[in-house]
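*Asks:*
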Amino acid sequence: MRAWEFSSFGIDSLELVERPALVPGPGEVLVAVRAVSLNFRDLLMVKGLYNPRMALPRIPCSDGSGEVVELGPGVTRWKRGDRVAGIFMQNWLDGPITRARTKCALGGDVDGTLCEFMVFRETGLVEIPDHLSYQEAATLPCAAVTAWNALAAGDIKPGSTVLIQGTGGVSIFALQFARLRGARVIGISSSYEKLERAQAIGLDAGVNYRDVPQWDRWAMEETGGEGVDLVVEVGGSGTLPISLSALRFGGTVAQIGVLSGAAEPLEIPMVLHKMARIHGIFVGSRQDFIEMNRAIELSQLRPIGEEFHWTQAREVMEKMEEGGHFGKLVLTVN
Ligand SMILES: NC(=O)c1ccc[n+]([C@@H]2O[C@H](COP(=O)([O-])OP(=O)(O)OC[C@H]3O[C@@H](n4cnc5c(N)ncnc54)[C@H](OP(=O)(O)O)[C@@H]3O)[C@@H](O)[C@H]2O)c1
2 MRAWEFSSFG IDSLELVERP ALVPGPGEVL VAVRAVSLNF RDLLMVKGLY
52 NPRMALPRIP CSDGSGEVVE LGPGVTRWKR GDRVAGIFMQ NWLDGPITRA
102 RTKCALGGDV DGTLCEFMVF RETGLVEIPD HLSYQEAATL PCAAVTAWNA
152 LAAGDIKPGS TVLIQGTGGV SIFALQFARL RGARVIGISS SYEKLERAQA
202 IGLDAGVNYR DVPQWDRWAM EETGGEGVDL VVEVGGSGTL PISLSALRFG
252 GTVAQIGVLS GAAEPLEIPM VLHKMARIHG IFVGSRQDFI EMNRAIELSQ
302 LRPIGEEFHW TQAREVMEKM EEGGHFGKLV LTVN
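The numbering of the sequence shown is the numbering used here, which starts it at 2 and goes up by one.
1. Taking the Cβ atom as the reference point for each residue, do proline 58 and serine 8 lie within a distance shorter than 7 Å?
2. Would you be able to state if there are at least three C-beta pairs under 8 Å between the region 211–231 and the region 242–249?
3. Looking only at DSSP bridge pairs, what is cysteine 62 linked to?
4. By the DSSP assignment, the beta strand (DSSP E) with isoleucine 165 in it spans what residues?
5. For my contact list, alanine 106 and phenylalanine 89 are in at a C-beta cut-off of 8 Å; report their separation, rounded to the angstrom.
6. Suppose the cutoff is 7 Å on Cβ atoms and the five residues either side in sequence are ignored; what does the same chain contact list for glycine 236 look like?
7. Relative to the alpha-carbon of isoleucine 282, which residue among Arg185, Arg180, Lys195 and Trp149 has its alpha-carbon at the smallest distance?
8. Use the C-beta contact count for arginine 295: other C-beta atoms within 10 angstroms, 16 or more gives buried, fewer gives exposed.
9. Can you find a heavy atom of ligand 1 that lies under 6 Å from the Cβ of glycine 188?
10. Expressed to the nearest angstrom, what Euclidean distance is found between the alpha-carbon atoms of alanine 33 and alanine 144?
11. Taking all protein chains shown into account, do 16 or more other C-beta atoms lie within 10 angstroms of the C-beta of isoleucine 269, making it buried, or fewer, making it exposed?
12. Cα separation between tryptophan 5 and leucine 17?
13. Going by Cα to Cα distance, which pick from Thr168, Glu29, Arg180 and Val232 is closest to lysine 80?
14. According to DSSP, is serine 339 helix, strand or coil?
15. By DSSP's criteria, threonine 333 is part of a beta bridge. Which residues make up the other side?
16. Taking the DSSP output, what are the residues bridged to valine 232?
17. Would you mind sorting asparagine 40 into buried or exposed? The rule is 16 or more other CB atoms within 10 Å of its CB.
18. When the Cα atoms are used, what is the spatial distance from threonine 147 to serine 172?
19. My output table needs one value for valine 213: the three-state DSSP class, helix, strand or coil.
20. Taking glutamate 137 as part of the alpha helix (DSSP H), name the residues at either end of that continuous run.
21. Glycine 160: beta carbon under 6 Å from a heavy atom of ligand 1?
22. Quick check: what's the CA-CA separation for lysine 320 versus histidine 326?
23. Within its chain, find whatever has a CB closer than 6 Å to the CB of histidine 280; leave out the 5 residues flanking it on each side and keep chain order.
24. Please report the distance separating the alpha-carbon of alanine 56 from that of glutamate 292.
25. With respect to the beta strand (DSSP E) encompassing histidine 280, which residues constitute its N-terminal and C-terminal limits?
26. CB-CB under 7 Å to glycine 125, same chain, minus the five flanking residues each way: which ones, in chain order?
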């Protein structure tokens, strides 16, 4: 089978190589990968910025969807032809996060999805919603589950206000899920054109963070001086203090990303006076994925992204690095 792998760090090190055919063992399932989506994390992995000590060579990417094509002995959950997606952390099936459950993340601890075939334990998969194409379903395992759990952490209800940062994969899913919950959504972006696109899919108000770096004041004006109920925080360094300032008393920052850096000195009194909750999010469990898929199916929600062929993997990684995308970047595998 063919797979993209990197033997040293850097986008230029990505190579399409031939690997031995895979055979599912007891309790395992062979999946023909149909589509893969990129996450910012995959870019960090390939560049050696996520885990510089990662064992190489490695097949990148956590997210993919495909078709069950072969069953190992004893498999009961799946049959040939089932449409599935892999779960991000293969050991986190249900319940709260533990150190052991965070092990076995695809495209990190173990090989990822940017290949023609993968073997999964039968518990490492979920069924994908019927109305979604393989390309659409490939966007779900990381970005969508993360956004889903961010909204849950903020206990978002009809009438709540959610602030999203940027228009990448996590943020556009957060916008869609916030709308499903009946919330008002405001957002910041570096691009007026992207803000317009976001408004077309439900963003209530937006501001360009390059032109308005103190967007906390804008968020206050948008909420009658109260502040927002939830910030879906993907920036990290430089944005977290502004997010806390934009937050209402008793509000939640769902801390997800470190797009602009990982270290940040904090105004501690702001956290305690507001009784702010900074809630870390690390994707989620298989059960979270299943519950999210149920909501996606019921609402017929469609992920938003741009599609390419998987032979363009390097170019698409570069596109993500440049930040020109809106929503998800998806690769069709054969
Ligand atoms: N904790 C978790 O479980 C988890 C899960 C998924 C992702 N993440 C992290 O979350 C972050 C986003 O991931 P992603 O895959 O959604 O990335 P992405 O698709 O590459 O989105 C990046 C977008 O964020 C916006 N952005 C960049 N810097 C910003 C800043 N300083 N302030 C506000 N917006 C900014 C830009 O949008 P505009 O072009 O509109 O400005 C950019 O296009 C990454 O750090 C990723 O590692 C964490």
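Quick reminder that beta carbons are idealized off the backbone N, C-alpha and C, glycines included. Bear in mind that the values here come from a model prediction, so they are computed numbers and not experimental data.
*Replies:* Reading off the structure:
1. yes
2. yes
3. DSSP lists no partner for cysteine 62.
4. 162–166
5. 6 Å
6. Gln166, Gly258, Leu260 and Ser261
7. Trp149
8. exposed
9. no
10. 22 Å
11. exposed
12. 4 Å
13. Glu29
14. Outside the displayed span of the chain (2 to 335) sits residue 339, for which this structure offers no information.
15. Ala36 and His310
16. Leu164 and Val254
17. buried
18. 10 Å
19. coil
20. 135–138
21. no
22. 7 Å
23. Ala154, Thr253 and Ala255
24. 33 Å
25. 278–281
26. Gly87, Ile88 and Gln91
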